[in-house]
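Undergrad: In the working numbering, each residue's number is its place in the sequence shown (first place is 1) plus 518.
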Amino acid sequence: MTSHTQHSDTVPAAHAATYPYRFGVWKTMCAALLSIVLLVSTTVLGIYLDLARQVSDSALDISAFENVMPQSEPEEEPPGDPFTGQAVNILVSGVDSRYGEDPRAYGSSEELSTIQSDTTMVVHLSADRSRIQVVSIPRDLITAIPSCTRSDGSQTRPYDGMFNSAFTTGAVTDDLAGGVACTKATVEQLTGLTIDAFVVVNFSGFKSMVDALGGVWLNLEEEVYDALSGLSLSAGCHNIDSTQALAYARARYNLGDGSDLSRIGRQHQLVGAMFKTLKSKNYLTDLPSLLTFLKATVSALKVSQNLADINTAAGLMLSLTSLERSGLQFITMPNAPAPWDLNRVIEDLPRARPVWEALKSDSAFPIGTLYRDISGEETIVTAPTQATENTAPDSAAPSSSVSESTPTPSENAPATAPAAETQVADSCPPQN
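#1: What do you get for M835, buried or exposed, if any count of 16 or more other CB atoms within 10 angstroms of its CB means buried?
#2: Among S644, D636, L659, V705, which one has its Cα closest to the Cα of L877?
#3: Can you name, in chain order, every residue of its own chain whose Cβ lies under 6 Å from the Cβ of N757, other than the five neighbours on each side?
#4: Using the Cβ count rule (16 or more neighbours within 10 Å means buried), how would you classify P948?
#5: Contact between the segment 856-873 and the segment 652-672: three or more CB pairs below 8 Å?
#6: Buried or exposed, going by whether 16 or more other CB atoms sit within 10 Å of the CB of L819?
#7: Since T850 sits in a beta bridge, which residues does DSSP pair it with?
#8: Within this structure, are the beta carbons of S844 and D891 separated by less than 9 Å?
#9: Would A715 and V821 be called neighbours here (beta carbons separated by less than 9 Å)?
#10: Roughly how many angstroms separate the alpha carbons of I633 and S817, rounded to a whole number?
#11: Whole-angstrom Cβ separation of E739 and S752, contact assumed at under 8 Å?
#12: In or out: E865 buried (at least 16 other Cβ within 10 Å) or exposed?
#13: Once you ignore the five residues that flank H642 on each side, which residues in its own chain have a CB closer than 6 Å to its CB?
#14: What did DSSP end up calling R862 once you bin it into helix, strand or coil?
#15: When the Cα atoms are used, what is the spatial distance from C946 to S665?
#16: Between the beta-carbon of I849 and the beta-carbon of T887, is there less than 9 Å?
#17: Would you list the one or two residues that DSSP bridges to G612?
#18: If you measure between the beta carbons of L653 and L825, is that distance less than 9 Å?
#19: Quick check on the DSSP output: what are the complete beta strand (DSSP E) runs of length 3 or more inside the segment 670-751, in order along the chain?
#20: Looking only at C-alpha atoms, which of G697, L788, L764, Q847 sits nearest to N737?
#21: Pop quiz: S669 and G696 are said to be a contact at Cβ under 8 Å. What is the actual Cβ separation, rounded to whole angstroms?
#22: First and last residue of the beta strand (DSSP E) that includes I828?
#23: Let's see if you can read the secondary structure: which residues bound the beta strand (DSSP E) around L888?
#24: If I follow the unbroken alpha helix (DSSP H) through T632, where does it start and stop?
#25: From the DSSP output, which residues share a beta bridge with E896?
#26: So, helix, strand or coil for T661, using DSSP?
#27: DSSP on K820, reduced to helix/strand/coil?
#28: Which two residues bound the contiguous beta strand (DSSP E) that contains I758?
Below, the structure written as structure tokens:
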């Protein structure tokens, strides 16, 4: 009797000690996995919502400054990226504004009482996203400024003046939307293009983007020194910080030939270096730094309303991830010295018109066009689907007189670049 009692007590104890334990482990693993999934999903959702909010907050509405008839009913837009399968022309304006900035770093609004246009680029994204063609418009260009609407409802008179005065005309003092609207109208009149969207960045915004990248690598062919900004760099490969990057982009009188045109060439090199640095980031190992850059970029920019949507912005970015090095192409609008003032330039019509027509038809740059790629290497277009490297001067340099025809490659430069220069470019940043 005693033996039976002990046996009956022993069997349930063994059963209870084995199977519930196994199910306990399984439940624990499931709970842990579920916690991880919830943590990751909520983190991703939080990041998405935060970025979406920032992108939405960056919108700049210029509709009140444009002579566009209001529609009785808003058109329904397809979900996702509205630019899918379409070529896109984006106006990029780098502005010099002292409003809301640290006067110790950029000067006070008393020294500069209005917003000025410091850099202007027309960025063309091809419909198949195989090319980004960037055309800089010199701020010293003498061109026709159309009538623009100001915030008080008044209309300005059209006039001929420096291109960068268009922003000042619309902004009056600190009206960013008015300045962008007048610049957009001037660009459309000058180029014959339709500007689909715009992006505006100021000095502090530019610096925050460079900081988020951890600096950018530049390969300098010669020593760079600018006493006004304190910029001093030896020839060779450098990882420059945001302060140095801004000084390099803005320096003018002590570098090159002291013109705005040579400054544009340095800006092309710098933007290409930023894009190259961004593309070099590993989306897995460098995810935190990429998110930091994305948030810094969104905070640094003011964009048109059609770009102020996280899905549109993400769609455009993802569509460009497979872009080849030669697909990012920088040129300066063909120009010539103004006969009455050698410190000003005018449009070189025979060479500029084909450039604008190429963008309008979503085509490659015209034969004979010299452009710089993402690595700063120069290439001359020899056929619609071919290009040959060379070391001719940047197309930013004005010709001595307005050209009568599109130049051929042989008129510009030798067909190949010295091997030593290519070797130096490939070693920056250092491979180790």
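Positions of the beta carbon are idealized from the N, C-alpha and C atoms, including for glycine.
TA: Let's see:
#1: Position 317 of the sequence shown holds residue 835. Exposed.
#2: Position 359 of the sequence shown, counted from the start, is the residue given in the question as residue 877. It is S644.
#3: Sequence index remark: in the sequence shown, residue 757 carries index 239 (1-based). Within the same chain, N757 has close Cβ partners G733, W735.
#4: For the purposes of this step, residue 948 is taken as residue 430 along the sequence shown, with counting starting at 1. Exposed, because fewer than 16 other Cβ atoms sit within 10 Å of the Cβ of P948.
#5: yes
#6: By 1-based counting over the sequence shown, the position of residue 819 is 301. It is buried - the Cβ of L819 has at least 16 other Cβ atoms within 10 Å.
#7: Here residue 850 corresponds to residue number 332 of the sequence shown, with the count starting at 1. Beta-bridge partners assigned by DSSP to T850: S654.
#8: In the sequence shown, counting from the first residue as 1, residue 844 sits at position 326. In the sequence shown, counting from the first residue as 1, residue 891 sits at position 373. Taking 9 Å as the cut-off, the Cβ atoms of S844 and D891 count as close.
#9: Stepping through the sequence shown from its first residue, residue 715 is reached at position 197. Stepping through the sequence shown from its first residue, residue 821 is reached at position 303. Contact flag set, yes.
#10: Along the sequence shown, read from residue 1 onward, the residue named residue 633 stands at position 115. Along the sequence shown, read from residue 1 onward, the residue named residue 817 stands at position 299. C-alpha separation (whole angstroms): 19 Å.
#11: Here residue 739 refers to the residue found at position 221 of the sequence shown. Here residue 752 refers to the residue found at position 234 of the sequence shown. Not really, about 11 Å apart at Cβ, beyond 8 Å.
#12: The residue labelled residue 865 in the question sits at position 347 within the sequence shown. With 16 or more other Cβ atoms within 10 Å, it is buried.
#13: The residue you call residue 642 lines up with position 124 of the sequence shown. If we look at H642 and ignore the five residues flanking it on each side, its Cβ neighbours are N607, Q651, L877.
#14: If you number the sequence shown from 1, residue 862 lands on position 344. Note: R862 maps to strand in three-state DSSP.
#15: Within the sequence shown, the letter at position 428 stands for residue 946. Within the sequence shown, the letter at position 147 stands for residue 665. Going by the C-alpha atoms only, they are around 47 Å apart.
#16: Here residue 849 corresponds to residue number 331 of the sequence shown, with the count starting at 1. Here residue 887 corresponds to residue number 369 of the sequence shown, with the count starting at 1. Taking 9 Å as the Cβ cut-off, I849 and T887 qualify as a contacting pair.
#17: Here residue 612 refers to the residue found at position 94 when the sequence shown is read from its first residue. DSSP, once it has assigned bridges, lists T637, V719 as partnering G612.
#18: Mapped onto the sequence shown, residue 653 falls at position 135. Mapped onto the sequence shown, residue 825 falls at position 307. Residue identity differs from the one stated: residue 653 is Val in this sequence, not Leu. Taking 9 Å as the Cβ cut-off, V653 and L825 do not qualify as a contacting pair.
#19: 677-680, 715-719, 734-738, 742-744, 749-751
#20: Mapped onto the sequence shown, residue 737 falls at position 219. It is L788.
#21: Taking the sequence shown and counting its residues from 1, one reaches residue 669 at position 151. Taking the sequence shown and counting its residues from 1, one reaches residue 696 at position 178. At roughly 5 Å, the Cβ-Cβ gap stays under 8 Å, so S669 and G696 are in contact.
#22: Taking the sequence shown and counting its residues from 1, one reaches residue 828 at position 310. DSSP places I828 outside any beta strand (DSSP E); the residue lies instead in the alpha helix (DSSP H), whose first and last residues are 828-837.
#23: For this step, residue 888 is matched to residue 370 along the sequence shown. 888-890 is the span of the beta strand (DSSP E), which, as asked, contains L888.
#24: Looking up residue 632 in the sequence shown gives position 114. For T632, no alpha helix (DSSP H) run applies, since DSSP gives it neither H nor E.
#25: Residue 896 sits at position 378 when you count from the first residue of the sequence shown. DSSP, once it has assigned bridges, lists R890 as partnering E896.
#26: As a first step, residue 661 is located in the sequence shown; it is residue number 143 there, counting from the start. Reduced to three states, the DSSP call for T661 is strand.
#27: Residue 820 sits at position 302 when you count from the first residue of the sequence shown. Strand at K820.
#28: Residue numbering aside, residue 758 sits at position 240 when the sequence shown is read from its first letter. Counting along the chain, the beta strand (DSSP E) containing I758 begins and ends at 754-758.
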